[in-house]
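Residue numbers (the working numbering): 159 to 346.
See below:
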């Protein structure tokens with residue numbers, strides 16, 4: 159069985175780009191924890207189309223609903239843990255690194271300004287709007303996970319095999335750093 163890999167980090171730090179790059183390099187399946195959660199939102203009557211759905215008013219409404227009822231996050235994390243433990247997958251997830259024991263865990267760290275620029279470009283937002291959305295998503299998720307699992311998202315990085323500061327690095331440079339570490343850890 160091939161180990162699984164989980165990529166975590168704040169919103170708009172490059173998790174999807176790195177995860178897809180690693181999946182391609184090591185012939186692993188790619189899965190977005192956010193996409194699985196969006197499927198759950200659809201089941202609740204939300205129209206969660208588009209990569210930038212989380213940043214919309216409706217996406218934020220679903221986040222607020224999750225704050226009131228942890229069933230979504232608990233069900234998501236149970237499903238992701240099961241998939242991760244089968245092996246052979248790269249998953250992007252905010253919570254999974256703290257919930258699993260095996261596999262390779264990578265934290266992508268970047269300044270709020272860097273995430274704001276990335277979201278602004280990716281989602282065609284104004285600088286102010288991108289800043290507010292990334293900050294609100296980070297703060298709300300951090301509070302949600304502290305309440306749900308009692309870990310400090312964005313602060314406690316002790317569970318990670320690799321921490322990459324994405325500021326001042328191109329996407330390809332971040333992928334290359336991750337590939338080098340994954341190559342070493344897959345051989346162990």
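Using N, Cα and C, we set each Cβ at its ideal position, and we do this for glycine too.
query: In angstroms with no decimal places, state the Cα-to-Cα distance between residue 318 and residue 263.; result: 5 Å
query: Scan the stretch 243 to 280 and note each continuous alpha helix (DSSP H) run of 4 residues or more that stays entirely inside, going in chain order.; result: 254 to 257
query: Please classify residue 344 as buried or exposed, where buried requires at least 16 neighbouring CB atoms within 10 angstroms.; result: exposed
query: Can you have a look at residue 255 and say buried or exposed, based on whether 16 or more other CB atoms are within 10 angstroms of its CB?; result: buried
query: Pick helix, strand or coil for residue 164, following the three-state DSSP scheme.; result: strand
query: Pull up the CB-CB distance for residue 273 and residue 171, whole angstroms please, since I reckon it's below 8 Å.; result: 6 Å
query: When you compare each of 196, 227 and 191 to residue 239 by their alpha carbons, which one comes out closest?; result: 191
query: Short check: CB of residue 249 to CB of residue 321, under 9 Å?; result: no
query: Going by the CB atoms, is the gap between residue 212 and residue 168 shorter than 9 Å?; result: no
query: Between the beta-carbon of residue 174 and the beta-carbon of residue 332, is there less than 9 Å?; result: no
query: Please classify residue 329: is it buried, with 16 or more other beta-carbons within 10 angstroms of its beta-carbon, or exposed?; result: exposed
query: Are three or more beta carbon pairs between the stretch 217 to 234 and the stretch 288 to 298 nearer than 8 Å?; result: yes
query: If the criterion is Cβ atoms closer than 9 Å, does the pair residue 216 and residue 204 meet it?; result: yes
query: Do the CB positions of residue 315 and residue 246 come within less than 9 Å of each other?; result: no
query: Specify the secondary structure class of residue 313 as computed by DSSP and reduced to three states.; result: coil
query: What are the boundary residues of the beta strand (DSSP E) that residue 323 is part of?; result: 320 to 323
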